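Participant:
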Amino acid sequence: MKVLDRILSQSAYTADVDVPLDQVDIAEWLFTLSEAEYLRCCPPDHIAAGVSTTDDGRRMMINVEQIGTGLVVQHYVADEAGKTYCRMNSISDVFTANGRTQVNVIWELKAETVDGGRTRYTNSVTAYPTDVFMAFLDKHGLSFGDAAKARQAAGSDHNRRETPLFAASIARRAKARAQEQAK
1 MKVLDRILSQ
11 SAYTADVDVP
21 LDQVDIAEWL
31 FTLSEAEYLR
41 CCPPDHIAAG
51 VSTTDDGRRM
61 MINVEQIGTG
71 LVVQHYVADE
81 AGKTYCRMNS
91 ISDVFTANGR
101 TQVNVIWELK
111 AETVDGGRTR
121 YTNSVTAYPT
131 DVFMAFLDKH
141 GLSFGDAAKA
151 RQAAGSDHNR
161 RETPLFAASI
171 ARRAKARAQE
181 QAK
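Just so we're aligned: 23 in UniProt numbering is position 23 of the sequence shown, and the numbers increase by one with no gaps anywhere.
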């Protein structure tokens, strides 16, 4: 499968939380996130989540979610996973009314300091078509422009709703870790 150098959709949203940056650990949060907490971060779109590893030992998170009319199974592999930045890369399976296809999704999670000892969380999602996706469009007589427009609307709406809930979850985890360390 080949990932094409063409953007299918892209969105980034931010949310500020009352936690100092030095207490935030995005990678720790992401790779210990319970399924129940994941579900709370974008109801009813988030369906399931789990943590795994690739055959070569890289950390991986698997998410199942509804984005617009598509059921998406994300196979996120950590390209980079740190306290204030994670870059996750997925060849994602998308199940539509026309069948199954695949896109490449890059999910970036970033934390930075803002005024007053607060932290700003940024949730960025960029989707790229694959050759499999382009063949799927051709088979069903769909244009890339129409598919990109639909994916942009659905993906942006999903990201807009999940970003503040992810930020709040990261803040809760940071506060819980700070309390554990204070004991």
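From the three backbone atoms N, C-alpha and C, an ideal C-beta is built for every residue, glycine too.
Please read these numbers as outputs of a predicted model, since none were measured by experiment.
1. Would you call the segment 2-12 in contact with the segment 132-148, where contact means no fewer than 3 C-beta pairs closer than 8 Å?
2. Does DSSP put residue 93 in a helix, in a strand, or in coil?
3. Hey, could you find the ends of the beta strand (DSSP E) residue 14 is sitting in?
4. Between the beta-carbon of residue 105 and the beta-carbon of residue 76, is there less than 9 Å?
5. Report the residue from 113, 91 and 12 whose alpha carbon sits nearest the alpha carbon of residue 63.
6. Mind checking which residues open and close the alpha helix (DSSP H) that includes residue 149?
7. Which whole-angstrom value is the C-beta distance of residue 18 and residue 118, which I expect to be below 8 Å?
8. According to DSSP, is residue 24 helix, strand or coil?
9. Return yes when the Cβ of residue 174 is within less than 9 Å of the Cβ of residue 72, no when it is not.
10. Quick one: using the 10 Å Cβ neighbour count with 16 as the cut-off for buried, is residue 65 buried or exposed?
Facilitator: Inspection of the coordinates gives the following:
1. yes
2. strand
3. 9-17
4. yes
5. 91
6. 144-182
7. 6 Å
8. coil
9. no
10. buried
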